[in-house]
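> In terms of the UniProt record's numbering, the sequence shown has 50 at position 50, counting the first letter as 1, and numbering is strictly consecutive. Backbone N, C-alpha and C fix where the C-beta goes; we use that ideal spot for every residue, glycine too. From a predicted model like this one, the values you see are computed outputs, not experimental measurements.
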Amino acid sequence: ITTLLNYPKLFNKLIDALKKRYLALNIDFIVGIEARGFILGSALAYALGVGFVPVRKKGKLPAHTLSQSYSLEYGSDSIEIHSDAFRGIKGVR
1 ITTLLNYPKL FNKLIDALKK RYLALNIDFI VGIEARGFIL GSALAYALGV GFVPVRKKGK
61 LPAHTLSQSY SLEYGSDSIE IHSDAFRGIK GVR
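1. May I have the straight-line CA-CA distance separating Y46 from S76, to the nearest angstrom?
2. Does the region 44–62 come into contact with the region 25–36, if we say contact requires no fewer than three beta-carbon pairs (one atom in each stretch) closer than 8 angstroms?
3. How is the beta strand (DSSP E) around P54 delimited, first residue to last?
4. In three-state DSSP terms, what is Y22?
5. Across the region 37–46 and the region 63–81, are there enough close Cβ pairs to call them in contact, namely three or more that are closer than 8 angstroms?
6. State the CB to CB distance for the pair I89 and L66, rounded to an integer number of angstroms; the pair is presumed to be in contact (CB under 8 angstroms).
7. Taking the C-alpha atoms as reference points, what is the distance between K13 and L4?
8. Tell me, please, which residues DSSP counts as bridged to D77.
9. Helix, strand or coil for F86? Go by DSSP, reduced to three states.
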């Protein structure tokens, strides 16, 4: 992703292409998993005019969180999201 970020015109084209793909879905939020997901997700959320929700490694977010564990090749890890990240939203796709 760092190579892509060195070329602003290319990065803009990528975000524009993603915007076209998701615009008709009438979404309310983009969710991005750290760290690359923050870069692409926040830019896409801005382009769509919607909110951005960060997903982080366990223990990195303040306030109350929801956690999901997952398996790794040699163990496991967890990611977290703020428990109120989707307040007022009826469903998530």
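Short version:
1. Position 46 of the sequence shown, counting from 1, holds the residue named residue 46. Position 76 of the sequence shown, counting from 1, holds the residue named residue 76. Each residue's Cα considered, the two are about 33 angstroms apart.
2. yes
3. Counted from its first residue, the sequence shown places residue 54 at position 54. Looking at the DSSP string, the run of the beta strand (DSSP E) that includes P54 is 51–57.
4. Indexing the sequence shown from 1 puts residue 22 at position 22. Here Y22 sits in helix by DSSP.
5. no
6. By one-based count along the sequence shown, residue 89 stands at place 89. By one-based count along the sequence shown, residue 66 stands at place 66. Not confirmed; about 14 angstroms, so no contact.
7. Here residue 13 refers to the residue found at position 13 when the sequence shown is read from its first residue. Here residue 4 refers to the residue found at position 4 when the sequence shown is read from its first residue. CA-to-CA, the gap between K13 and L4 works out to about 11 angstroms.
8. Taking the first residue of the sequence shown as position 1, residue 77 is located at position 77. DSSP lists Y70 as partners of D77.
9. To locate residue 86, count along the sequence shown from 1; it is residue 86. Three-state DSSP puts F86 in coil, outside helix and strand.
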